[in-house]
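Visitor: Sending over a structure as structure tokens; questions will come in a sec.
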Amino acid sequence: MITAGCDLGSTTAKAVILDNQRLLASAVIPARLDPVVSAQEVMALCLAKAKMEIGQIERIVGTGYGQQQIPFVSRCESEISCHARGAFFHHPQTRMIIDIGGQDAKVTKLDSTGKVIQYSYNDKCAAGTGRFLEIMAEALGVSLEKMGEAGRSCVEKLSISNQCVIFAETEVVSLINEEKAVGDILNALFRAMAHRVASQARSLSVEKDVVMTGGVAKNIGVFEALGQSLGVKIKTPKDFDPQINGALGAALLAQEG
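Counting from 1 along the sequence shown, just add 32 to a position and that's the residue number in our numbering.
Laid out in structure tokens, this is it:
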């Protein structure tokens with residue numbers, strides 16, 4: 033059975049096509065102003081990679097912020113359910129998922145069968161999200177792609193005390209004016225962000241088998257800082273882009289009926 037998942041997030045659109053449980057193609061694009069255009073473009077790109085037509089896909093499940101605007105889906109499922117299904121597919125021992133997207137952070141607990149039993153959702157503050165990293169990258173003049181590696185280690189252990197993005201940015205500007213090293217500032221930012229997300233995870237009681245999904249999971253600096261803050265070794269989907277985990281879960285749910 034060939035199925036697909038389409039995840040319309042706040043900053044990116046993702047699509048996955050599966051043949052049973054085998055990945056045929058995936059695609060990620062920046063979100064457009066019009067969610068319908070985002071959905072059509074990312075699915076067209078994914079279909080082109082798979083060398084298929086949309087009529088060959090038996091079922092498509094949508095998820096994400098813009099899920100109700102996807103014109104070609106069979107049904108929609110919550111982001112919580114889709115990320116849970118995708119993470120459990122790769123790591124059946126998963127008991128907690130931390131999904132950090134562009135404008136929210138979600139922590140989900142699973143039982144031994146992969147069923148969602150509890151979750152925490154934060155979309156009220158940008159401090160624990162990808163948007164926080166975007167703002168700080170711009171303030172420091174570094175690219176999002178390189179900032180993770182640049183902030184993995186530090187010479188001087190600095191501190192970012194404010195959880196609010198606006199005030200944290202002011203602190204960063206002050207540190208720049210004090211001629212502190214960019215790597216040290218980034219390291220402090222990663223630790224501050226990790227502390228906030230870890231507090232959210234602890235509100236549900238941390239499990240040892242933690243999987244991190246979402247685009248921020250590709251930032252090695254945040255990934256390592258979060259593991260240190262939680263005191264556990266975090267995993268990501270095996271040999272798979274963690275950013276497309278929600279779309280993968282949607283495609284897997286489509287196969288289940």
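Even for Gly, the Cβ is constructed at its ideal location relative to N, Cα and C. Note that this is a predicted model, so its numbers are computed, not measured.
If you reduce the DSSP assignment to three classes, tell me which class Arg127 lands in.
Guide: Taking the sequence shown and counting its residues from 1, one reaches residue 127 at position 95. Arg127 falls in the coil class under three-state DSSP.
Visitor: In the DSSP output, which residue or residues are listed as bridge partners for Ala57?
Guide: Here residue 57 refers to the residue found at position 25 of the sequence shown. In the DSSP output, where bridge partners are listed per residue, Ala57 has Ile49.
Visitor: For Glu211 and chain C, any beta-carbon pair shorter than 8 Å?
Guide: Absent from the structure: chain C. Only one protein chain is present.
Visitor: Using only the alpha-carbon positions, how far apart do Val93 and Ile266 sit?
Guide: For the purposes of this step, residue 93 is taken as the residue at position 61 of the sequence shown. For the purposes of this step, residue 266 is taken as the residue at position 234 of the sequence shown. Going from the Cα of Val93 to the Cα of Ile266 covers about 28 Å.
Visitor: Do you know how far the Cα of Val238 is from the Cα of Cys78?
Guide: The residue given as residue 78 occupies position 46 in the sequence shown. The residue given as residue 238 occupies position 206 in the sequence shown. Going from the Cα of Cys78 to the Cα of Val238 covers about 36 Å.
Visitor: Return the chain-ordered list of same chain residues with a C-beta closer than 6 Å to the C-beta of Arg117, the five sequence neighbours on each side being excluded.
Guide: Here residue 117 corresponds to residue number 85 of the sequence shown, with the count starting at 1. So the qualifying residues of the chain are Gly281, Leu284, Leu285.
Visitor: Can you check whether the CB of Gly183 is closer than 8 Å to the CB of Leu207?
Guide: To locate residue 207, count along the sequence shown from 1; it is residue 175. To locate residue 183, count along the sequence shown from 1; it is residue 151. For Leu207 and Gly183, no; Cβs fall outside 8 Å.
Visitor: Name the residue from Glu109, Leu172, Thr202 whose alpha carbon lies nearest to the alpha carbon of Ala301.
Guide: Because residue 301 is not part of the residues shown, which for the chain are 33 to 289, the question remains open.
Visitor: Look at the Cβ atom of Leu55, then the Cβ atom of Val139, and state whether they are nearer than 8 Å.
Guide: Taking the first residue of the sequence shown as position 1, residue 55 is located at position 23. Taking the first residue of the sequence shown as position 1, residue 139 is located at position 107. No, Cβ-Cβ distance for Leu55 and Val139 is not below 8 Å.
Visitor: Determine, using beta-carbon pairs with one atom in the stretch 271-279 and one in the stretch 118-137, whether at least three such pairs fall under 8 Å.
Guide: yes
Visitor: List the endpoints of the continuous alpha helix (DSSP H) containing Met225.
Guide: The sequence position of residue 225 within the sequence shown is 193, counting from 1. Element bounds for Met225: 214-234.
Visitor: Cβ atoms of Gly160 and Gln232: under 8 Å apart, would you say?
Guide: Reading the sequence shown from its first residue, position 200 is the one you call residue 232. Reading the sequence shown from its first residue, position 128 is the one you call residue 160. Contact check for Gln232 against Gly160 passes: the beta carbons are separated by less than 8 Å.
Visitor: Along the chain, where does the beta strand (DSSP E) that runs through Arg163 open and close?
Guide: Here residue 163 refers to the residue found at position 131 when the sequence shown is read from its first residue. Arg163 -> not in any beta strand (DSSP E); alpha helix (DSSP H) instead, spanning 162-172.
Visitor: Please confirm whether Ser42 and Tyr97 have their CB atoms less than 8 Å apart.
Guide: For this step, residue 42 is matched to residue 10 along the sequence shown. For this step, residue 97 is matched to residue 65 along the sequence shown. For Ser42 and Tyr97, yes; Cβs fall inside 8 Å.
Visitor: I'd like to check one pair, Ala63 with Thr44: are the Cβ atoms closer than 8 Å?
Guide: Against the sequence shown, residue 44 aligns to sequence position 12. Against the sequence shown, residue 63 aligns to sequence position 31. Yes, these two residues count as a Cβ contact at 8 Å.
Visitor: Quick check on DSSP: helix, strand or coil for Val205?
Guide: To locate residue 205, count along the sequence shown from 1; it is residue 173. Reduced to three states, the DSSP call for Val205 is helix.
Visitor: May I ask you to list the residues that DSSP assigns as paired with Gln150?
Guide: The residue you call residue 150 lines up with position 118 of the sequence shown. For Gln150, which the question treats as bridged, DSSP gives the partners Lys141.
Visitor: Starting from the C-beta of Glu166, find all residues in its chain whose C-beta is less than 7 Å away, skip the five residues before and the five after it, and write them out in chain order.
Guide: The residue labelled residue 166 in the question sits at position 134 within the sequence shown. Closer than 7 Å at Cβ, skipping near neighbours: Leu176.
Visitor: Relative to the C-alpha of Leu221, which candidate in Met244, Glu181, Asp241 has its C-alpha closest?
Guide: What you label residue 221 is simply residue 189 of the sequence shown in a count that begins at 1. With distances taken between Cα atoms, Leu221 lies closest to Glu181.
Visitor: Using the Cβ count rule (16 or more neighbours within 10 Å means buried), how would you classify Gln88?
Guide: On the sequence shown, position 56 is the one that residue 88 refers to. Answer is exposed; the Cβ neighbour count stays below 16.
Visitor: Ile112 lies in the alpha helix (DSSP H); which residues open and close that run?
Guide: To locate residue 112, count along the sequence shown from 1; it is residue 80. From DSSP, the alpha helix (DSSP H) with Ile112 extends over 111-122.
Visitor: Do Thr95 and Cys114 have their CB atoms nearer than 8 Å?
Guide: Counted from its first residue, the sequence shown places residue 95 at position 63. Counted from its first residue, the sequence shown places residue 114 at position 82. Yes, the Cβ-Cβ distance between Thr95 and Cys114 is below 8 Å.
Visitor: If the criterion is Cβ atoms closer than 8 Å, does the pair Met75 and Val242 meet it?
Guide: For the purposes of this step, residue 75 is taken as residue 43 along the sequence shown, with counting starting at 1. For the purposes of this step, residue 242 is taken as residue 210 along the sequence shown, with counting starting at 1. Contact: no.
Visitor: Identify every residue that forms a DSSP beta bridge with Lys178.
Guide: The residue you call residue 178 lines up with position 146 of the sequence shown. In the DSSP output, where bridge partners are listed per residue, Lys178 has none listed.
Visitor: Looking at the structure shown, is Cys108 part of a helix, part of a strand, or coil, going by DSSP?
Guide: Locating residue 108 in the sequence shown gives position 76, counting from the first residue. The answer is strand: DSSP assigns Cys108 an E or B state.
Visitor: Would a C-beta distance cut-off of 8 Å place Val204 and Met179 closer than the cut-off?
Guide: The residue you call residue 204 lines up with position 172 of the sequence shown. The residue you call residue 179 lines up with position 147 of the sequence shown. For Val204 and Met179, no; Cβs fall outside 8 Å.
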